[in-house]
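Undergrad:
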Amino acid sequence: MPVDDDQLQSTKLVALGRLAGGVAHDFNNLLTVIEGYARMLRDEPDLAQAEAVEYVDEIIRAANRASDLTRQLLAFSRRQSSQPRPLDLNDLVRQTSGMLRRVIGEDIQLETELHAQPSRIFVDPSQMDQVLMNLVVNARDAMPLGGQIRIATDFRDPVVELRVSDRGGGISPEVMSRMFEPFFTTKESGKGTGLGLSLVHAIITQAGGKVDVETALGEGTTFCIRFPLHWGEAGAAEAAGVERASPRGRETVLVVEDEEPLRSLIRRLLERGGYAVLEAADGDEAVALARAGTVKIDLLLTDVMLPHLNGLDVAQAVSAAHPRARVLFMSGYGENTPPGAARLEKPFGPVKLATTVRELLDQRS
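Read left to right, the sequence shown gives residues 366 to 730 (our numbering).
#1: Just list the residues that DSSP pairs Ala581 with in beta bridges.
#2: Kindly give me the distance between the Cβ atoms of Ala572 and Val488, rounded to whole angstroms, as I take these residues to be in contact under 8 Å.
#3: Can you check whether the CB of Ile569 is closer than 8 Å to the CB of Val621?
#4: Counting beta carbon pairs with one atom in the region 648–656 and one in the region 625–633, are three or more of them shorter than 8 Å?
#5: Using 10 angstroms around the beta-carbon of Gly533, count the other beta-carbons present and answer buried if the total reaches 16, otherwise exposed.
#6: Which residues in the same chain as Glu416 place their Cβ atom closer than 7 Å to its Cβ, once the five residues preceding and following it in sequence are excluded?
#7: Is the CB-CB distance between Ser611 and Gly638 below 8 Å?
#8: Tell me the rounded alpha-carbon separation between Asp623 and Pro672.
#9: Give me the Cα-Cα distance between Glu608 and Gly714, rounded to the nearest whole angstrom.
#10: Please return the same chain residues whose Cβ sits closer than 7 Å to the Cβ of Arg729, not counting the five positions on each side in sequence.
#11: What is the DSSP secondary structure of Val532, counted as helix, strand or coil?
#12: Comparing C-alpha positions only, which one of Pro451, Val618 and Val502 sits nearest to Arg485?
#13: Which of the three DSSP states, helix, strand or coil, is assigned to Val660?
#14: Where does the unbroken beta strand (DSSP E) through Met695 begin, and where does it stop?
#15: Helix, strand or coil, according to DSSP, for Ala431 in the structure here?
#16: By DSSP, does Arg723 sit in helix, in strand, or in coil?
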């Protein structure tokens with residue numbers, strides 16, 4: 366029987382309600398750190414260079430943590446496109462555990478046991494957030510009177526293992542045979558959609574992994590997920606802590622972004638990389654610049670959501686006036702773009718911006 370849309374939305378809202386207070390608390394903490402160190406940098410002109418670098422590093426760490434929180438929320442609401450990349454499974458568990466603790470409630474204890482060696486896999490981190498969320502929520506529901514959930518990682522070359530265990534009542538053979546079927550659920554009406562474990566199975570299979578279930582009635586359940594170990598070039602460089610230098614260029618880029626501070630930052634970063642930059646605060650201004658024809662535009666870098674004309678309409682108009690111009694969309698929360706279109710997901714750093722722009726420009730024939 367199809368899942369009722371209101372039922373599905375209600376289930377999400379219950380879980381999001383548990384998260385809201387904790388996430389707001391974390392964001393306020395992070396904003397306090399960012400503003401505090403930024404003001405000290407501004408107000409202490411005689412600050413030693415080493416101390417100034419320390420302050421900047423703290424700002425960057427807080428900003429990265431805020432980015433992680435946003436990514437996890439987008440993953441939970443399924444508003445982020447699939448972008449597999451090399452990642453350390455241990456890091457992902459560490460980053461997600463705070464959010465998971467808020468979801469499961471105070472009567473459930475969450476423990477983690479992570480292997481000492483980095484356990485690198487190739488998968489979309491947002492999808493892995495969904496996997497952990499679904500498994501942990503199921504484990505919580507298996508222990509209505511409270512209990513303990515354990516998340517463990519292991520490294521067994523060439524396999525990386527993730528185990529999520531509960532001390533609930535276990536799973537019967539009848540349920541085991543159907544547990545990964547879409548829409549199959551043993552929960553009461555209105556309390557489950559039957560989509561969680563089918564999603565887990567699909568994500569893991571797509572990543573080249575395998576899901577096994579160990580269970581015994583009255584003794585709990587363990588979901589054991591095995592991934593192939595990833596030693597790709599990007600992963601090896603990241604594991605070694607190698608930072609790529611920002612590539613440079615001399616082309617002309619039209620930047621369309623209605624948020625002035627972000628538009629100004631992008632302009633400064635691109636100009637620092639050697640590019641000539643045109644700016645537009647909305648779609649109408651961007652189209653007017655493109656149609657004026659005074660400068661050849663090599664790349665359009667536009668937000669998807671804009672006042673007046675949206676980014677898709679801007680791209681169509683600019684491409685008509687400058688057929689050889691490449692188009693790169695900036696997206697804040699998984700907005701729709703044409704199939705195969707180049708995307709730059711916010712938030713992004715200077716190296717990511719420079720690398721994506723250069724790669725796209727180099728694709729021109």
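Ideal Cβ positions, reconstructed from N, Cα and C, are used throughout, including at glycine.
TA: Taking the coordinates as given:
#1: Start at 1 with the first residue of the sequence shown, and residue 581 comes out as number 216. Residue pairing from DSSP places Ala581 in a beta bridge opposite Gly585.
#2: Residue 572 sits at position 207 when you count from the first residue of the sequence shown. Residue 488 sits at position 123 when you count from the first residue of the sequence shown. Contact annotation, Ala572 with Val488: C-beta distance approximately 4 Å; criterion of less than 8 Å satisfied.
#3: In the sequence shown, counting from the first residue as 1, residue 621 sits at position 256. In the sequence shown, counting from the first residue as 1, residue 569 sits at position 204. For Val621 and Ile569, no; Cβs fall outside 8 Å.
#4: Inter-segment contact for the region 625–633 and the region 648–656 is absent: fewer than three beta-carbon pairs are separated by less than 8 Å.
#5: Numbered from its first residue, the sequence shown carries residue 533 at position 168. When all chains shown are included, Gly533 counts as buried.
#6: The sequence position of residue 416 within the sequence shown is 51, counting from 1. Once the five neighbours on either side are set aside, Glu416 has no close Cβ partner at all.
#7: The residue you call residue 611 lines up with position 246 of the sequence shown. The residue you call residue 638 lines up with position 273 of the sequence shown. Remark: C-beta atoms of Ser611 and Gly638 approach each other more closely than 8 Å.
#8: Position 258 of the sequence shown holds residue 623. Position 307 of the sequence shown holds residue 672. Approximately 7 Å between the Cα atoms of the pair.
#9: For the purposes of this step, residue 608 is taken as the residue at position 243 of the sequence shown. For the purposes of this step, residue 714 is taken as the residue at position 349 of the sequence shown. Confidence at Glu608 is low in this model, with a pLDDT of 47, below 50, so the placement of that residue is unreliable and no value is reported for it.
#10: Within the sequence shown, residue 729 is the residue found at index 364, counting from 1. Closer than 7 Å at the Cβ level, and outside the excluded window around Arg729, lie Arg689 and Arg691.
#11: Taking the sequence shown and counting its residues from 1, the one referred to as residue 532 is at position 167. The question names Val, but residue 532 is Arg in the sequence shown. Correct three-state label for Arg532: coil.
#12: Position 120 of the sequence shown, counted from the first residue, corresponds to residue 485. Here the closest residue by C-alpha is Pro451.
#13: Numbered from its first residue, the sequence shown carries residue 660 at position 295. Reduced to three states, the DSSP call for Val660 is coil.
#14: On the sequence shown, position 330 is the one that residue 695 refers to. Looking at the DSSP string, the run of the beta strand (DSSP E) that includes Met695 is Arg691 to Ser696.
#15: Here residue 431 is taken as the residue at index 66 of the sequence shown, counted from 1. Helix.
#16: Walking along the sequence shown from the start, residue 723 turns up at place 358. Assignment of Arg723 by DSSP, reduced to helix, strand and coil, places it in the helix class.
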